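To start, the structure itself, in structure tokens.
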Amino acid sequence: FTGECEFPEIWSGEWFQSGMGDNGPVVINRHNVIHPTDTKKCIEKGKANRYLVRDEKYDCYKCMVINMKHPNVIQYKESYCERLKPLRELCLSITGDAMLYSMFRLTAEPVSCPFHDPLTFTYAKSYYECKSPLSQVDACADDSRLLFRHQACADVPGSEAFDEQLVCLASWKEGSNHYLVGKIDHLHAKTDEDRYRCFIYEKPHHADDQATWNVAQSADATCQGLISAHEGSKTMKLTKVSHGGKKCKFPSWLTDHRHWHTLDSTQSYYVYHKDTSLKISNGTEMPEDLETRRSTDVRLVCQEYLSGGSGHQNHHKHHRADHQNQTNHHLNQESDQVTLIAHVTVGCKSGYQCIQIYRRDEHVVQVQSGDLAYVAEEACTQHYWNPVTANITTLVTKTTDQVVPKSKCGPFGKYQLSDTSLLSGCRSNGPQTFTQVHVGCSTEDTLTLHTNCPQSQIDTYHCQGHWESEGVTYVVASPTSRPSGSPRRVCFTYTSTRGVAEGALETYTMTARHDTCIPRQHDAHMAINATLSGVCAETAANTSGGFRVSVSLWSLLLPLMLLLLLRLQTSSPFEIHRKSFPV
Numbered sequence: 001f002t003g004e005c006e007f008p009e010i011w012s013g014e015w016f017q018s019g020m021g022d023n024g025p026v027v028i029n030r031h032n033v034i035h036p037t038d039t040k041k042c043i044e045k046g047k048a049n050r051y052l053v054r055d056e057k058y059d060c061y062k063c064m065v066i067n068m069k070h071p072n073v074i075q076y077k078e079s080y081c082e083r084l085k086p087l088r089e090l091c092l093s094i095t096g097d098a099m100l101y102s103m104f105r106l107t108a109e110p111v112s113c114p115f116h117d118p119l120t121f122t123y124a125k126s127y128y129e130c131k132s133p134l135s136q137v138d139a140c141a142d143d144s145r146l147l148f149r150h151q152a153c154a155d156v157p158g159s160e161a162f163d164e165q166l167v168c169l170a171s172w173k174e175g176s177n178h179y180l181v182g183k184i185d186h187l188h189a190k191t192d193e194d195r196y197r198c199f200i201y202e203k204p205h206h207a208d209d210q211a212t213w214n215v216a217q218s219a220d221a222t223c224q225g226l227i228s229a230h231e232g233s234k235t236m237k238l239t240k241v242s243h244g245g246k247k248c249k250f251p252s253w254l255t256d257h258r259h260w261h262t263l264d265s266t267q268s269y270y271v272y273h274k275d276t277s278l279k280i281s282n283g284t285e286m287p288e289d290l291e292t293r294r295s296t297d298v299r300l301v302c303q304e305y306l307s308g309g310s311g312h313q314n315h316h317k318h319h320r321a322d323h324q325n326q327t328n329h330h331l332n333q334e335s336d337q338v339t340l341i342a343h344v345t346v347g348c349k350s351g352y353q354c355i356q357i358y359r360r361d362e363h364v365v366q367v368q369s370g371d372l373a374y375v376a377e378e379a380c381t382q383h384y385w386n387p388v389t390a391n392i393t394t395l396v397t398k399t400t401d402q403v404v405p406k407s408k409c410g411p412f413g414k415y416q417l418s419d420t421s422l423l424s425g426c427r428s429n430g431p432q433t434f435t436q437v438h439v440g441c442s443t444e445d446t447l448t449l450h451t452n453c454p455q456s457q458i459d460t461y462h463c464q465g466h467w468e469s470e471g472v473t474y475v476v477a478s479p480t481s482r483p484s485g486s487p488r489r490v491c492f493t494y495t496s497t498r499g500v501a502e503g504a505l506e507t508y509t510m511t512a513r514h515d516t517c518i519p520r521q522h523d524a525h526m527a528i529n530a531t532l533s534g535v536c537a538e539t540a541a542n543t544s545g546g547f548r549v550s551v552s553l554w555s556l557l558l559p560l561m562l563l564l565l566l567r568l569q570t571s572s573p574f575e576i577h578r579k580s581f582p583v
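Residue 199 in the UniProt record's numbering sits at position 199 of the sequence shown, and the numbers go up by one each step.
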């Protein structure tokens, strides 16, 4: 034979094949198909994926017809092992009913399952169909997973209630039939022989606003014997369940930014599916590790806006410092607060939640959510929803070096602090003591904290969001420089504690948190009492259409103005004109 025979590079890797047991996987490289018991060496490549291979163990030759159905699935048939013959002659000896071998890639990345919406199904083994009560398929937060909840039927011998989770690994089409390979996980699945299964299904049939799929499942970890979606070791009829109520989109001021994350950067919120759904993942980036995604992803699908009224009043009336004109086609989305019902999926567990979303600033929103209810109509009732006790999650937009939002930092001025102000982060070398806070002095969007423990230093923060709610001022800021591992963002709150006596100094209780924006003091990362000691000594940047003149500048200008006024009163009109406009 001339030339070197090679298998396609995409075939390389480790593969599962039924019957190999604990002997190990099938390994394919550029020149060999290595089974645990023998090795087939590529000798000649023919047309239509036909290969002449030499069985190294028995020193004989075979024709192998190999087809990659999907990057994760290879199927092949082979002739008997004979003495060396032409490839065409060996291939003609493969009959139509020859054994079809299937191999599944062991490192396969899951694919999106062909069935997405919540489904009901009936199933049959042998001649008995379990159709009452209906079984259910729950969609998972990860589109590559489905949870089959089987019900037991009294009139079906051997039927039992159990859950079976399917991970979809590959799908392809042949003629009018569609094929799916997946791994199922249930109590009785102990090995990969029990988990790998092949499915055949038809394009859904539509009738009476419902879609139905006929699905047949293989008896073992092969695709052998799957001819029709109506015949198999197990057959199912899957019916799409129509959602009650109207679908909705999340507010435009939320969806205008596609990526949000929590203040402490432990979770990210991604906008998906034409603004109708959110996906929540751990960290600030979408995890690449699939196992991590499956265990951490949460999916929220907007189901219905509530129009307000009893039980849905705005408990957090607020106003933003920057009022911006907006236009929106949805009445509810015009408001800075929305209350809605969302279908929530956590892993493969799902239900309905009452959710309130508040727009605090262009780059800051807050979210409150209730407990999980099984019925949408109950999600916002008092059994599952209490806006007073519900946790508040603060979200900020994903920013880049090119796009950094700017905002006020709170009540402008210099503040003197008591010597008991502590920050828990300085415990190793003694408590960190703050002496002063400067708000908006160098520029309107900067805040500086002055400390003298364990050493004198000034920490500067860049302010990115600002709002007021129920007498409390909130500011989201980022340190301009920070050690590795320290918080990327901080939420400062100012609560006025000024006395009622005339002339009392402006005093604030100031807190700082890394996790969310609430004024609670006892577990804050910082809680200090700040007293206004004067206005800023420097001229602040003119970022809001005005400017502030410092006290020191006024003290210099006032005597000069008085002197000029005195000279004007003692001068004649001509002298004034001549002195004012010299030639």
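Built from N, CA and C at the ideal position, the CB exists for glycine as well. This one's a predicted model, so the numbers in the text were calculated from it and none came from an experiment.
Hey, quick one: how far does the beta strand (DSSP E) through residue i stretch, first residue to last?
i	result
T511	507-513
W467	457-469
E377	Looking at the DSSP string, E377 is not in any beta strand (DSSP E), and its letter there is neither H nor E.
A477	472-479
G534	526-534
A342	337-346
V301	298-305
R360	349-361
C491	490-496
G21	Taken as a continuous stretch (DSSP letters only), G21 belongs to no beta strand (DSSP E), as it is neither H nor E.
N95	Checking the sequence shown, residue 95 turns out to be Thr, not Asn. Run containing T95: none; DSSP gives neither H nor E here.
V365	364-369
How would you call residue i, buried or exposed, if buried means at least 16 neighbouring beta carbons within 10 angstroms?
i	result
T266	exposed
M99	exposed
Q382	exposed
V304	Note on residue identity: the sequence assigns Glu, not Val, to residue 304. The residue is buried, with at least 16 neighbouring Cβ atoms inside 10 Å.
residue 584	Absent from the model: residue 584. The displayed extent of the chain is 1 to 583, so no value can be given.
Y461	buried
Q210	exposed
A154	exposed
V388	exposed
P157	exposed
I227	exposed
F162	exposed
V137	buried
K249	buried
V215	buried
Y127	exposed
Starting from residue i, trace the alpha helix (DSSP H) both ways and give me its first and last residue.
i	result
C91	87-92
D194	192-195
S252	252-255
Is there a Cβ of chain D sitting closer than 8 Å to that of residue i, yes or no?
i	result
R299	Protein chains in the displayed structure number just one, and chain D is not present.
Just to confirm, is the Cβ distance from residue i to residue j under 8 Å?
i	j	result
Q368	Q337	no
L87	R54	no
D371	S407	no
M103	W15	yes
S144	V181	no
C491	V476	yes
Q416	Q436	yes
C60	L52	no
V396	V364	yes
V167	K183	yes
Q165	D185	yes
R149	W253	no
C5	I43	yes
H261	K398	yes
Within its chain, find whatever has a CB closer than 7 Å to the CB of residue i; leave out the 5 residues flanking it on each side and keep chain order.
i	result
Y384	C354, G370, D371, A373, E378
V301	T276, S277, A342, H343
D38	D55, E56, K57
Near residue i, which residues of its chain fall below 8 Å by C-beta distance, leaving aside the five closest residues on each side in sequence?
i	result
F134	Per the sequence shown, the amino acid found at residue 134 is Leu instead of Phe. T120, F121, T122, Q151.
N67	N49, I74, Q75, Y76
P8	M68
S176	E202, K203
L447	C409, G410, V437, H438, V439, G440, T460, Y461, C463, V475, A477, F492
S12	I28, N29, R30
V26	E14, W15, F16, Q17, M20, V33, I34, H35, P36, M103
Leaving out five residues before and five after residue i in sequence, what residues of the same chain have Cβ atoms less than 6 Å from its Cβ?
i	result
T394	L263, Q366, T516, C517
D192	F16
R513	C491, A524, H525
S93	S79
*Can you list, in chain order, the stretches of the beta strand (DSSP E) that have 3 or more residues and sit fully within the UniProt domain "DUF7042" (109-240)?*
Annotation: the UniProt domain "DUF7042" (109-240) contains the following complete segments of the beta strand (DSSP E) (minimum length 3 residues), in chain order: 119-125, 128-139, 145-150, 162-174, 177-185, 196-201, 205-207, 210-217, 234-240.
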